[in-house]
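Structure first, commentary second.
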Amino acid sequence: MGGLCGRFVTPSIYKKNKPQMSISPPTTTTTPATTTRHDWTRAEVEAFFALPLNDLLFEAQSVHRRTFDPNRVQLSTLLSIKTGGCPEDCAYCSQSVHNETGLSAEKLMEVQRVLDEAQKAKDAGATRYCMGAAWREPKDRDLEAIAMMIEGVKAMGMETCMTLGMLSVEQTLKLKTAGLDYYNHNVDTSEEFYDKIITTRTYQDRLDTLSRVREVGIKICSGGIVGLGEEEGDRAGMLMTLANLEVHPESVPINMLVRVEGTKLAQANALDPIDFVRTIAVARIIMPFSMVRLSAGREHMSDELQAMCFFAGANSIFLGEKLLTTTNTAEGRDSQLFAKLGIEPMALECPQPKALAETVAAE
Ligand code: SAM
Ligand code: DTB
Ligand code: SF4
Numbered sequence: 000m001g002g003l004c005g006r007f008v009t010p011s012i013y014k015k016n017k018p019q020m021s022i023s024p025p026t027t028t029t030t031p032a033t034t035t036r037h038d039w040t041r042a043e044v045e046a047f048f049a050l051p052l053n054d055l056l057f058e059a060q061s062v063h064r065r066t067f068d069p070n071r072v073q074l075s076t077l078l079s080i081k082t083g084g085c086p087e088d089c090a091y092c093s094q095s096v097h098n099e100t101g102l103s104a105e106k107l108m109e110v111q112r113v114l115d116e117a118q119k120a121k122d123a124g125a126t127r128y129c130m131g132a133a134w135r136e137p138k139d140r141d142l143e144a145i146a147m148m149i150e151g152v153k154a155m156g157m158e159t160c161m162t163l164g165m166l167s168v169e170q171t172l173k174l175k176t177a178g179l180d181y182y183n184h185n186v187d188t189s190e191e192f193y194d195k196i197i198t199t200r201t202y203q204d205r206l207d208t209l210s211r212v213r214e215v216g217i218k219i220c221s222g223g224i225v226g227l228g229e230e231e232g233d234r235a236g237m238l239m240t241l242a243n244l245e246v247h248p249e250s251v252p253i254n255m256l257v258r259v260e261g262t263k264l265a266q267a268n269a270l271d272p273i274d275f276v277r278t279i280a281v282a283r284i285i286m287p288f289s290m291v292r293l294s295a296g297r298e299h300m301s302d303e304l305q306a307m308c309f310f311a312g313a314n315s316i317f318l319g320e321k322l323l324t325t326t327n328t329a330e331g332r333d334s335q336l337f338a339k340l341g342i343e344p345m346a347l348e349c350p351q352p353k354a355l356a357e358t359v360a361a362e
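All residue numbers for the sequence shown refer to numbering that gives the first Met the number 0, where the first residue is 0 and numbers rise by one.
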């Protein structure tokens with residue numbers, strides 16, 4: 000069966016009453032069925048990381064082809080709607096008051112300015128607009144403007160994503176009422192390594208926000224950062240946490256640390272690019288229906304490394320020259336790369352993986 004709006008599916012694998020075959024980590028051959036599991040053990044996930052690279056990539060690409068069109072990549076654009084002055088102490092972040100990056104704290108951006116920027120992103124081809132604020136959590140008084148941003152961006156025909164820190168139940172409901180499609184809130188790393196990076200809020204705080212978001216029916220964008228000085232087991236632990244959520248995050252951003260001068264991690268050792276590719280591949284295998292985003296850090300990645308990430312199952316990127324406070328990719332580089340690789344942007348009308356799986360299962 001051909002591509003269905005960027006997604007390549009073999010319907011029979013979703014049929015009800017089929018034996019539930021799952022992917023077992025140490026195998027070197029592909030398995031015939033794609034299913035979602037939520038009971039991964041750390042040892043199973045680590046076993047994927049330990050596979051010979053060719054076996055891991057073959058497995059990841061095989062899974063990818065069963066759930067998506069391998070030649071389509073979704074385009075999101077990011078805007079910092081409230082920059083700097085964040086009270087959290089995330090060791091990697093340019094916006095934390097605990098790091099000395101020289102970034103000054105700004106106020107929440109005017110709604111119209113956000114909408115003007117969103118229109119530019121739409122014109123450049125983005126289908127999702129992600130708005131980020133350097134907050135521990137939003138203040139209730141800011142939610143009216145946030146709701147106007149969501150409504151305005153949706154009216155342009157783009158999906159909306161917000162990342163505003165922790166949320167209360169009431170705030171989550173307000174975002175849902177405004178029509179928010181996605182909420183980005185990363186677990187960032189493994190539960191065990193987490194307190195080496197952030198001490199001002201706990202891993203459980205993050206999981207609690209994610210469950211509130213899920214509860215009201217906003218889709219989840221949750222992933223993490225690699226290159227923080229963590230071990231491979233921590234990367235496995237991070238992915239295991241995400242894959243063992245009751246429902247897999249619809250989007251999984253994998254960020255390569257951008258080493259910002261003045262942060263505690265400015266001098267961190269660069270992660271071996273092959274280890275980054277392995278992280279993408281394992282995310283694709285254990286979260287087969289999620290969009291896996293090759294997120295921060297692309298500025299310093301070669302075309303070859305990005306191509307390997309797409310082969311490993313990444314199917315989303317941030318488009319545009321800026322992320323939140325750091326540079327993303329030079330103008331024109333992505334379109335040249337896509338042309339070289341034969342990749343095309345994924346259309347917005349694509350049904351979400353779960354919806355598609357259910358539709359096909361019901362046939
Ligand atoms: N303040 C909100 C929060 O932390 O949830 C939202 C914005 S925060 C910048 C979103 C995510 O960006 C972080 O969780 C982290 O994974 C990623 N990030 C931040 N700084 C980064 C950096 N220097 N390199 C790579 N990723 C980074
Ligand atoms: C995510 O996981 N990565 C994006 C988005 N979610 C908000 C942020 C990347 C930030 C990179 C560093 C910066 O530009 O400040
Ligand atoms: Fe604040 Fe988010 Fe940066 Fe942490 S990652 S310091 S919460 S803006």
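Just so you know, even glycine gets a beta-carbon here, dropped at the ideal spot from N, CA and C.
For residue i: DSSP bridge partner residues
i, result
"Leu77", "Cys129"
"Ser315", "Gln73 and Arg292"
"Cys220", "Asn183 and Ser250"
"Lys106", "The partner list for Lys106 (beta bridge, DSSP) is empty, contrary to what the question assumes."
Proximity to residue i [Cα-Cα], best of the options
i, options, result
"Val62", "Lys263, Ile285, Gly296 and Glu320", "Ile285"
"Val262", "Arg64, Asp68, His37 and Gly83", "The identity of residue 262 in the sequence shown is Thr, whereas the question assumes Val. That would be Gly83, whose Cα lies nearest to the Cα of Thr262."
"Val281", "Glu260, Ile253 and Leu264", "Ile253"
"Leu177", "Ala42, Tyr193, Ile149 and Asn53", "Per the sequence presented here, residue 177 reads as Ala, with Leu not at that position. Answer by Cα proximity: Ile149."
"Leu369", "Glu99, Val152 and Asp38", "This structure leaves residue 369 out entirely; the chain is present only between 0 and 362."
"Thr34", "Phe288, Leu244, Val215 and Ser221", "Phe288"
"Lys218", "Asn183, Leu238 and Ser301", "Asn183"
The ligand SAM heavy atom lying under 7 Å from the CB of residue i
i, result
"Asp180", "no"
"Ile224", "yes"
Buried versus exposed, by CB contacts within 10 Å (16 or more), residue i
i, result
"Thr76", "buried"
"Ile273", "exposed"
"Pro51", "exposed"
"Glu320", "exposed"
"Pro31", "Any reading at Pro31 needs caution, since the residue's pLDDT is 46, under 50, leaving its predicted position unreliable; the model's value is listed next. When all chains shown are included, Pro31 counts as exposed."
"His247", "buried"
"Gln111", "exposed"
"Gly236", "buried"
"Arg135", "exposed"
Any non-hydrogen atom of the ligand SF4 closer than 7 Å to residue i Cβ
i, result
"Gln94", "yes"
"Cys160", "no"
"Gly164", "yes"
"Arg258", "no"
"Cys220", "no"
"Glu363", "This structure does not reach residue 363, given that the chain is present from 0 up to 362, and the question cannot be answered."
Residue range of the unbroken beta strand (DSSP E) whose run includes residue i
i, result
"Pro252", "Ser250 to Met255"
"Thr369", "Examination of residue 369 is not possible in this model, given that the chain is present from 0 through 362 alone."
"Val96", "Looking at the DSSP string, Val96 is not in any beta strand (DSSP E), and its letter there is neither H nor E."
"Met155", "Run containing Met155: none; DSSP gives neither H nor E here."
Check: residue i C-beta below 7 Å from any heavy atom of the ligand DTB
i, result
"Val215", "no"
"Gly131", "yes"
"Ala295", "yes"
"Asn98", "no"
Extent of the continuous alpha helix (DSSP H) to which residue i belongs
i, result
"Thr278", "Pro272 to Ile285"
"Glu214", "Tyr202 to Val215"
"Cys308", "Asp302 to Phe310"
"Ala242", "Glu231 to Ala242"
Proximity test, residue i beta-carbon vs the ligand NAP heavy atom, cut-off 7 Å
i, result
"Pro137", "The ligand NAP is not part of the structure shown, which contains the ligand SAM, the ligand DTB and the ligand SF4 as its ligands."
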